[in-house]
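Engineer: The listed protein sequences correspond, in order, to chains R and A. Using UniProt numbering, you'd call the opening residue of the first sequence number 1 and step up by one each time. Using UniProt numbering, you'd call the opening residue of the second sequence number 1 and step up by one each time.
2 protein chains.
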Amino acid sequence: MTTTALKARKEFGKTLASDIAHRLRNEIVTCQLKPNESLKFDALRLSFGASFTTLREALTLLVAEGLVVAEEQRGYKVAPVTLEDLHDLTHARILIEVDLIRRSIERGDDDWEIRVISCLHRLAKIEERAPEDYAGNAEWKSAHRQFHEALVLASGSPTLLAVRNSLFDRAERYRNLSALYRPRPRDKAGEHRALMQAAIGRNADQACALIASHIQTTSDNVAKYASGVINAG
Amino acid sequence: MTTTALKARKEFGKTLASDIAHRLRNEIVTCQLKPNESLKFDALRLSFGASFTTLREALTLLVAEGLVVAEEQRGYKVAPVTLEDLHDLTHARILIEVDLIRRSIERGDDDWEIRVISCLHRLAKIEERAPEDYAGNAEWKSAHRQFHEALVLASGSPTLLAVRNSLFDRAERYRNLSALYRPRPRDKAGEHRALMQAAIGRNADQACALIASHIQTTSDNVAKYASGVINAG
DNA sequence: ATGAGCAATATTTTCGAAAATAGGCAAAAA
DNA sequence: TTTTTGCCTATTTTCGAAAATATTGCTCAT
C-alpha cells in the first residue's frame, strides 16, 4: 500500500493543531479510531503528517473534551466506552440540555424560530431523499447536529453551550457504535417535529420533557444494541 | 533585578507541561496575572523557564478550562472578566452543583459523611486561628475548596464533577478579585455548617436550596464589590 | 493631511533532533 | 524455579531553531 498523507494539510481550523484536532475528533467519533486504541506518536505522525508537538497539542484538546485519555509518561489512547460512562454522559446531557432549551424558549426571537424551522426542514429533506439509511449519512449527521444546536442557541449561556457541544460529540460516538449493530435506525422524525413545535409554540415544559425523553430513549437504545461491544460498567 | 526562574522545576504534576498549567492556573485565579493580560511566549518562557511547545500545551489546557482565551495566530491572553460572564458562570454552577449535591446525598456512604464533617472541621479550625482575614489565606482557600468538593464527591458523576471543578476555579478568580475591594470578608461559617448538617441529615431539598443560595449570594457580592474593575456585560 | 503599499520587526506556529522515562529481556543470585 | 538487578529498546516529553504569520512604521502618491 502507498504510505499516504505524508504532508499535513489544513482543512478546517486556522492553525494546523486545531485542524488536526478536528480530524482526530472526527475519526474518534465515527469509530475509525476504536475505543481504547492507543495513540502512538509515530503512527499519528505518519497518518497526519505533523510533528510531535503539534500532535501533542491536538491531543491535549481532545483530552479536555473527554474523547481521549492521557496517562502521563505513558501516552494517549482513545477514551474507552463503558455502560457506566454512557449513563453518566446521558445524565449530564439531560440536565444541561433541559436547562438550555427552557431558557432558549424564554429568550428566543424571530430569527431563532426561523432557524429552528429551517434546520428541521433541511433534516426532513435529507430523510426523504434517503429514507432507508440516513443514519450513516454524514450530511444527515451534520443536519441533525445543527437542528439540536439551533434549539438551544438562544439560551445565552456560552459556558453551558460549550459543555453541551462536547457532550454531544461524546454521545455521537456511542450512537455510531450502536448503529453498527442495529438492524435499522429508529425513526426520530416525529420526535424532532414535536420538539420544533413545542419550541416555537413556547411550550417550555413540553419541550423539556420531549428532549429529556429523546436523549434517554436514544441512550437506552444504544445500551441495548451496543452492549456487546461496550465494556460492562 | 535578578532574572529569576531560568530553569523549570516540577512541583505538582508529573510532566512539566501539566506542572506549568498548574502554576499558570494558580497565577490567573489569584489575579497575579490580570484579566485580559496578553500571554506572550517570550515573557512566559522567561518566568517559567520552559520552551515554546511546553508552554503551548499548558495554555491549551487552560483554554479548555475557560481561564485563557486563544485568538488563532494572535496568541493567548488571560480570559476577560465581565458581569455577563459572572452571571453565566453562576447560573451554570448552580445548575450543576445542585444536581451533584442531591445525588451525593442519595448515594453517600459513611466514609462520605466522615469526610464532609472533617473537612468542615478543618475549615472551622483555620477560621478560628485567623478570625480576621482568612479570605486571602491560601490554606483557608484550599480547605474551603475541599469542603465544597467533599459535599459533591459521592454523586458518582465524573463528567459533571470535572465541569464543576473547572467552574469552581473560574469562580474563585472572581472571588479573589472582589476580595481586593471589600472591607471585610462575608462570614460564611454559618452557611457552611448548615450545609454540612443538611447533607449528613440527608435533607436533600434543604441542601440544594442552601447551596444555590450560597453560590448566588457570593456572586451577588462579587458583582457589588468588584463592579468597578469588571467590564460591563 | 491621508491612505495605500511595502519593508522591517515582533510574535506565533511548526518542526525534527535530543533528553528523559517506562517496559521488557536476559543474566546472575537466592 | 523464583526473584532481583542491570542493560537495551520503544516511546514519550522537552527543547531551541526555523518557518509562517501578524503588526508596526515608513515612504510615496494623491
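For glycine and all other residues, C-beta sits at the position ideal for the given N, C-alpha and C.
Are the CB atoms of Leu120(A) and Met196(A) within a distance shorter than 8 Å?
Structural biologist: Residue mapping note: residue 196(A) aligns to position 196 of the second sequence, counting from 1. Residue mapping note: residue 120(A) aligns to position 120 of the second sequence, counting from 1. Contact flag set, yes.
Engineer: Express the C-alpha separation of Leu67(R) and Pro158(A) in angstroms, rounding to a whole number.
Structural biologist: Within the second sequence, residue 158(A) is the residue found at index 158, counting from 1. Within the first sequence, residue 67(R) is the residue found at index 67, counting from 1. Their Cα atoms are separated by approximately 14 Å.
Engineer: Rank Gly49(A), Leu44(A) and Leu39(A) by C-alpha distance to the C-alpha of Val69(A) and give the top, closest one.
Structural biologist: As a first step, residue 69(A) is located in the second sequence; it is residue number 69 there, counting from the start. Considering only alpha carbons, the answer is Leu39(A).
Engineer: Can you find a C-beta in chain A that's less than 8 Å from the C-beta of Val222(R)?
Structural biologist: Your numbering for residue 222(R) matches position 222 in the first sequence. No, no contact with chain A.
Engineer: Tyr174(A) and Ala130(A) look like a contact to me (Cβ under 8 Å); what is the Cβ gap, rounded to whole Å?
Structural biologist: One-based indexing of the second sequence puts residue 174(A) at position 174. One-based indexing of the second sequence puts residue 130(A) at position 130. With a Cβ gap of about 23 Å, Tyr174(A) and Ala130(A) do not count as contacting.
Engineer: Which two residues bound the contiguous alpha helix (DSSP H) that contains Val152(A)?
Structural biologist: Residue mapping note: residue 152(A) aligns to position 152 of the second sequence, counting from 1. Under the DSSP assignment, Val152(A) falls in the alpha helix (DSSP H) whose first and last residues are Ala138 to Val152.
Engineer: Do Leu83(R) and Ile230(R) have their CB atoms nearer than 8 Å?
Structural biologist: As a first step, residue 83(R) is located in the first sequence; it is residue number 83 there, counting from the start. As a first step, residue 230(R) is located in the first sequence; it is residue number 230 there, counting from the start. Yes. Within cutoff.
Engineer: Please name the residues in the stretch 175-193 of chain R whose beta-carbon is closer than 7 Å to at least one beta-carbon of chain A, in chain order.
Structural biologist: Correct list: empty, as no residue qualifies.
Engineer: According to DSSP, is Ala223(A) helix, strand or coil?
Structural biologist: Indexing the second sequence from 1 puts residue 223(A) at position 223. Three-state result, Ala223(A): helix.
Engineer: Is the CB-CB distance between Asn176(R) and Cys31(R) below 8 Å?
Structural biologist: On the first sequence, residue 176(R) is found 176 positions in, with the first residue counted as 1. On the first sequence, residue 31(R) is found 31 positions in, with the first residue counted as 1. It is a contact, given that the beta carbons lie within the stated cut-off.
Engineer: Are the C-beta of Val163(R) and some C-beta of chain A separated by less than 8 Å?
Structural biologist: If you number the first sequence from 1, residue 163(R) lands on position 163. Closer than 8 Å to some Cβ of chain A, the Cβ of Val163(R) qualifies, so yes.
Engineer: Between Tyr134(A) and Glu191(A), what straight-line distance do the alpha-carbon atoms span, to the nearest angstrom?
Structural biologist: Start at 1 with the first residue of the second sequence, and residue 134(A) comes out as number 134. Start at 1 with the first residue of the second sequence, and residue 191(A) comes out as number 191. So the two alpha carbons sit approximately 16 Å from each other.
Engineer: What residues in the stretch 47-58 of chain R have a beta carbon less than 7 Å from any beta carbon of chain A?
Structural biologist: Of all residues in the stretch 47-58 of chain R, Thr53, Arg56 and Glu57 have a Cβ within less than 7 Å of some Cβ in chain A.
Engineer: Indicate whether at least one CB of chain A lies closer than 8 Å to the CB of Thr60(R).
Structural biologist: The residue labelled residue 60(R) in the question sits at position 60 within the first sequence. So yes, Thr60(R) belongs to the interface.
Engineer: Under 8 Å, with one C-beta from each stretch per pair, do the stretch 54-62 of chain R and the stretch 16-28 of chain R reach the 3-pair mark?
Structural biologist: yes
Engineer: Would you mind telling me which residues of chain R sit closer than 7 Å to Asp88(A), beta carbon to beta carbon, in chain order?
Structural biologist: For this step, residue 88(A) is matched to residue 88 along the second sequence. Residues of chain R passing the Cβ test: Ser157, Pro158 and Thr159.
Engineer: How would you write the range of the beta strand (DSSP E) that Val68(A) sits in, first residue to last?
Structural biologist: The residue labelled residue 68(A) in the question sits at position 68 within the second sequence. Val68 to Ala70 is the extent of the beta strand (DSSP E) around Val68(A).
Engineer: Taking only runs that begin and end inside the stretch 179-207 of chain R, name each unbroken alpha helix (DSSP H) of 4 or more residues, in chain order.
Structural biologist: 189-200
Engineer: Check whether chain R comes within 8 Å of Gln73(A), counting only Cβ atoms and requiring the distance to be less than that.
Structural biologist: Position 73 of the second sequence, counting from 1, holds the residue named residue 73(A). With 8 Å as the cut-off, Gln73(A) counts as an interface residue toward chain R.
Engineer: Just the chain R side, please: which residues come within less than 8 Å of Arg95(A) by C-beta, in chain order?
Structural biologist: The residue given as residue 95(A) occupies position 95 in the second sequence. The displayed chain sequence assigns Leu, not Arg, to residue 95(A). Chain R residues near Leu95(A): Leu95, Ile96, Asp99 and Leu160.
Engineer: For Leu62(R), name the three-state secondary structure that DSSP assigns.
Structural biologist: For the purposes of this step, residue 62(R) is identified with residue 62 of the first sequence, where counting begins at 1. Reduced to three states, the DSSP call for Leu62(R) is helix.
Engineer: Name the chain R residues that come within less than 8 Å of Thr15(A), Cβ to Cβ?
Structural biologist: Looking up residue 15(A) in the second sequence gives position 15. Those are Glu72 and Gln73, listed as they occur along chain R.
Engineer: Using 8 Å for Cβ pairs, my map puts Ile105(A) next to Ala204(A). What's the rounded Cβ distance?
Structural biologist: On the second sequence, residue 105(A) is found 105 positions in, with the first residue counted as 1. On the second sequence, residue 204(A) is found 204 positions in, with the first residue counted as 1. Ile105(A) to Ala204(A), Cβ: 5 Å. Contact.
Engineer: Note down, in chain order, every chain A residue with its Cβ under 7 Å from the Cβ of His91(R).
Structural biologist: Translated into positions along the first sequence, residue 91(R) becomes position 91. Those within 7 Å of His91(R) in chain A are Ser157.
Engineer: Under the DSSP definition of a beta bridge, which residues are partnered with Lys77(A)?
Structural biologist: Position 77 of the second sequence, counting from 1, holds the residue named residue 77(A). Per DSSP, Ser38(A) and Val69(A).
Engineer: Residues of chain R with a CB under 8 Å from the CB of Ser18(A): which are they?
Structural biologist: Residue 18(A) sits at position 18 when you count from the first residue of the second sequence. Under the 8 Å cutoff, chain R gives Glu72.
Engineer: Starting from the C-beta of Ile215(R), find all residues in its chain whose C-beta is less than 7 Å away, skip the five residues before and the five after it, and write them out in chain order.
Structural biologist: As a position in the first sequence, residue 215(R) is number 215, starting the count at 1. Only Thr90, Arg93, Ile94 and Glu97 meet the Cβ criterion.
Engineer: Looking at chain R, is there any beta carbon in it that lies within less than 8 Å of the beta carbon of Ala130(A)?
Structural biologist: Residue numbering aside, residue 130(A) sits at position 130 when the second sequence is read from its first letter. By this cut-off, Ala130(A) is not an interface position.
Engineer: With a threshold of 8 Å between beta carbons, is Ala207(R) in contact with chain A?
Structural biologist: As a working note, residue 207(R) is residue 207 in the first sequence. With 8 Å as the cut-off, Ala207(R) does not count as an interface residue toward chain A.
Engineer: DSSP three-state call for Thr15(A): helix, strand or coil?
Structural biologist: The residue you call residue 15(A) lines up with position 15 of the second sequence. Residue state, collapsed to three classes: coil.
Engineer: Might you give, ordered along the chain, the residues of its own chain that have their beta carbon closer than 7 Å to the beta carbon of Ala207(R), omitting 5 neighbours on each side?
Structural biologist: Along the first sequence, one-based indexing puts residue 207(R) at 207. Here the set comprises Ile101, Ile105, Leu195, Ala198 and Ala199.
Engineer: What's the call for Tyr76(A), buried or exposed, on a 16-neighbour Cβ count within 10 Å?
Structural biologist: Reading the second sequence from its first residue, position 76 is the one you call residue 76(A). Buried.
Engineer: Whose CA, out of Leu151(A), Pro183(A), Arg74(A) and Ala162(A), lies closest to the CA of Leu210(A)?
Structural biologist: For the purposes of this step, residue 210(A) is taken as the residue at position 210 of the second sequence. When each option's Cα is compared against that of Leu210(A), the closest is Leu151(A).
Engineer: Go ahead and label Glu65(A) buried or exposed: buried means 16 or more other beta carbons lie within 10 angstroms of its beta carbon, across all protein chains shown.
Structural biologist: Your numbering for residue 65(A) matches position 65 in the second sequence. By the neighbour-count rule (16 or more Cβ atoms within 10 Å), Glu65(A) is buried.
Engineer: Going straight from the alpha carbon of Pro183(A) to that of Pro35(R), what length do you get?
Structural biologist: Your numbering for residue 183(A) matches position 183 in the second sequence. Your numbering for residue 35(R) matches position 35 in the first sequence. Taking the straight line from one Cα to the other gives about 54 Å.
Engineer: Per DSSP, which one or two residues make a beta bridge with Thr53(R)?
Structural biologist: Within the first sequence, numbered from 1, the residue matching residue 53(R) stands at position 53. In the DSSP output, where bridge partners are listed per residue, Thr53(R) has none listed.
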